[in-house]
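For reference, the structure discussed in these notes is given below.
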Amino acid sequence: MSEQKKKISLSLNKKKKKAEMQAATTASGSDRIATNQQAAIDQQAACDIPTPIEGPAPYNMNPLSQAKTAPLIELLKKVPGREYFEGDDDPKLTYTKMIKLFNEAFGPSGWSKKEIDVRYDHIKQSSKGYEAGCTMKIELEIRGVGNHEALSASKANSFIQTARLFGELTGNASFDKDVMAEIKKQPKPKKLKLDETLIFHAEE
1 MSEQKKKISL SLNKKKKKAE MQAATTASGS DRIATNQQAA IDQQAACDIP
51 TPIEGPAPYN MNPLSQAKTA PLIELLKKVP GREYFEGDDD PKLTYTKMIK
101 LFNEAFGPSG WSKKEIDVRY DHIKQSSKGY EAGCTMKIEL EIRGVGNHEA
151 LSASKANSFI QTARLFGELT GNASFDKDVM AEIKKQPKPK KLKLDETLIF
201 HAEE
C-alpha cells in the first residue's frame, strides 16, 4: 500500500471514531435528558397524590373521608316517608317537598344547588301571552358526598332529576314501582295546624 493510501485510511478511521464518540455522547445526553424528564414527571406525580385531609373530600376516598361520608351514604339508602310525597293516587316528589326533605335530612347548610347553564329553546307570543321553553343544567351538592349535574327541561324537574343521582332518599326511590306501591299504603300525614304565634306579620 502506498504512503498516500495509508494516510487516507488513517484519516477515515479517525473520522469514523470521532463520529462514533459523538454519537455515544449524544446518546448519553439523550439518556440524561430522558432521565431528568422522568424524574420531573415522578416528582409531579408524587405531588398530585391526594393526602388524607380533615372534612369532606369529594372524589378523594381516603380513610378519613370514608369515615365521614359513611353515615351519609347509609342515610341516602333510606326511602323518603309519605309526608314528602304529594298526591293520593299517584304520589310524587315535588320541588317544594324536595327542598323540605334536603333541609331536614342534611341541614340547611349541608347542601347547595346552583344553575350551571340555561338555554332558551324557543320563545313565542300567543293570544294567551308568552310561551317559553328552556333547557337547564343544574349542579347539586351534598356536603361530604360530592356533587352531581343533570340536564332537564325545567328548573323543578332538573332539581329532582339531579337529586335522584345521590340515592333512594333523595328521589331515586320514587322511580321504583314496588317502593311506590308500599308508599301508597302508608297513612297520609295529618295536615299541619299552624299556630298563630308562628305567623309573621309586618308591624304597621
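FYI, our numbering numbers position 48 of the sequence shown as 48, with every residue one higher than the one before it.
Beta carbons are placed, not taken as given, at the ideal position from N, Cα and C, and that holds for glycine.
Keep in mind it's a predicted model, so treat the numbers as computed, not measured.
| Item | Value |
| --- | --- |
| Alpha carbon of residue 79 to alpha carbon of residue 134, nearest angstrom | 31 Å |
| Close-in-space but distant-in-sequence residues of the same chain around residue 197 (CB under 6 Å, 5 per side omitted) | none |
| Nearest-angstrom Cβ-Cβ length linking residue 162 and residue 138, presumed shorter than 8 Å | 5 Å |
| Alpha-carbon spacing of residue 178 relative to residue 96, whole angstroms | 24 Å |
| Cα-Cα separation, residue 75 to residue 120 | 36 Å |
| Identity of the residue in 87, 85, 114 and 70 nearest residue 136 by Cα | 114 |
| C-beta contact flag for residue 183 and residue 91 at 7 Å | yes |
| Buried/exposed call for residue 101, threshold 16 Cβ in 10 Å | buried |
| Residue 72 beta carbon less than 7 Å from that of residue 171 | no |
| DSSP-derived helix/strand/coil call for residue 135 | strand |
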